[in-house]
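Counting in the working numbering, the sequence shown runs from 5 upward without gaps.
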Amino acid sequence: MITYQEHRLRTLVEGGRWHDLLTVYRRVRGAAVARAGEGAAVVESALLGHLIAYAAPPELAVRLFDADGGPGTSAGVADHDAGPLWEVLATRHSWLRLAPLLGPAPVRRLVAQTRVLIGEDLSYGAEPDPESVPPLLEPWESVGWGEGVRVRDYLPGGGARSALLTLPATREGLGPVLLPEPGGRLRGQPATGALAALAEWADVVCVRGPAPRAAAQLAPGHRVTGGYLPFAIAYPVLVQAGATERSRGSAHGRLALWRALGAMAGHDGPDRAAVNALVARMRCFTWWDPADGLRHLHLAMEDPATGLSWAVSGSDEP
């Protein structure tokens, strides 16, 4: 049932009364912060924030994130409806339009990274990323995606469509595999923590040995349905793993994955040359688990240069 308040908001949207809508947004959010805190403010202002971020002219939509309305009235990086408001905004306008308008640095960074994921080359149009994550997609970042699934597909009146997180997506191309004995777990590897931060609902292990020995730590039994695949095929699912929470967007997934790959390559940050070299030599193994939910990820990644392998495995219900 559409409430009176929702009908009123949609009437303002249809009339293009964006300044009025922004005023209402700030009043609702500020009052909710004062009454019950940030969490309540995010919930109560979510739909209105989405409507503005999706359809308002960029000159006004970016003001969602400006603090000039007073304490508690501006959206932050965690404000979301079906997805973060900054990601909704980033799907609607190019970086060329948004760059001169956006203020807060955290929002600017996430919007820029979203535009990169969508396919925009920011090599000559954005400030350097603070962690030196590339301002354009590397070739291996581009090839594994289905059409239009790099970022949630937001809807005008609220809500979004997004691809299911599944690796392997099917058993096609996989076959019976007898896994070796599990490799002994190596503790304290920075990359293990970085991968765990990427997919918080998954188990992560590091072993010395090939990818199947890492998989054997987490796979259900020694006989599995599995096989090898290029890292480029696994990349989209890893990015999506970092964006499963509504308050997180695909940019979070890309940034977190670059941190993890940099750590796997032995660097403190996402060194571009080192990550590209790692991806070129990495061997990846995936397997199917009959207990999987709608969203799942089973991947073991082997670096032949170091003899180390990491396995990431879990199932997360949407």
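The beta-carbon is built from N, C-alpha and C at its ideal position, and this holds for glycine as well. Predicted model, so just to flag it, every value in this text is computed and none were measured.
At the level of alpha carbons, what is the spacing between residue i and residue j?
| i | j | result |
| --- | --- | --- |
| residue 272 | residue 263 | 8 Å |
| residue 54 | residue 68 | 10 Å |
| residue 5 | residue 158 | Below a pLDDT of 50, predicted positions are generally treated as unreliable, and residue 5, at 34, falls in that range; no measurement from the model is reported. |
| residue 233 | residue 290 | 7 Å |
| residue 229 | residue 274 | 33 Å |
| residue 39 | residue 110 | 26 Å |
| residue 268 | residue 194 | 8 Å |
| residue 116 | residue 181 | 42 Å |
| residue 114 | residue 156 | 14 Å |
| residue 102 | residue 62 | 7 Å |
| residue 47 | residue 88 | 12 Å |
| residue 204 | residue 214 | 24 Å |
Less than 8 Å between the beta carbons of residue i and residue j, yes or no?
| i | j | result |
| --- | --- | --- |
| residue 258 | residue 84 | no |
| residue 26 | residue 16 | no |
| residue 301 | residue 288 | no |
| residue 123 | residue 99 | no |
| residue 270 | residue 260 | no |
| residue 107 | residue 74 | no |
| residue 236 | residue 148 | yes |
| residue 169 | residue 254 | no |
| residue 78 | residue 211 | no |
| residue 93 | residue 57 | yes |
| residue 309 | residue 276 | no |
Let me check one thing: in DSSP terms, what residues is residue i bridge-paired to?
| i | result |
| --- | --- |
| residue 229 | 180, 292 |
| residue 317 | 207, 302 |
| residue 307 | 312 |
| residue 164 | 158 |
| residue 171 | 301 |
| residue 287 | 306 |
Under the assumption that residue i contacts residue j (Cβ atoms under 8 Å), give the Cβ distance between them as a whole number of angstroms.
| i | j | result |
| --- | --- | --- |
| residue 126 | residue 139 | 4 Å |
| residue 292 | residue 172 | 6 Å |
| residue 218 | residue 315 | 4 Å |
| residue 45 | residue 59 | About 22 Å; that fails the 8 Å criterion. |
| residue 183 | residue 223 | 6 Å |
Pair every Cβ in the region 177 to 193 with every Cβ in the region 145 to 158, then say whether three or more of these pairs are closer than 8 Å. no
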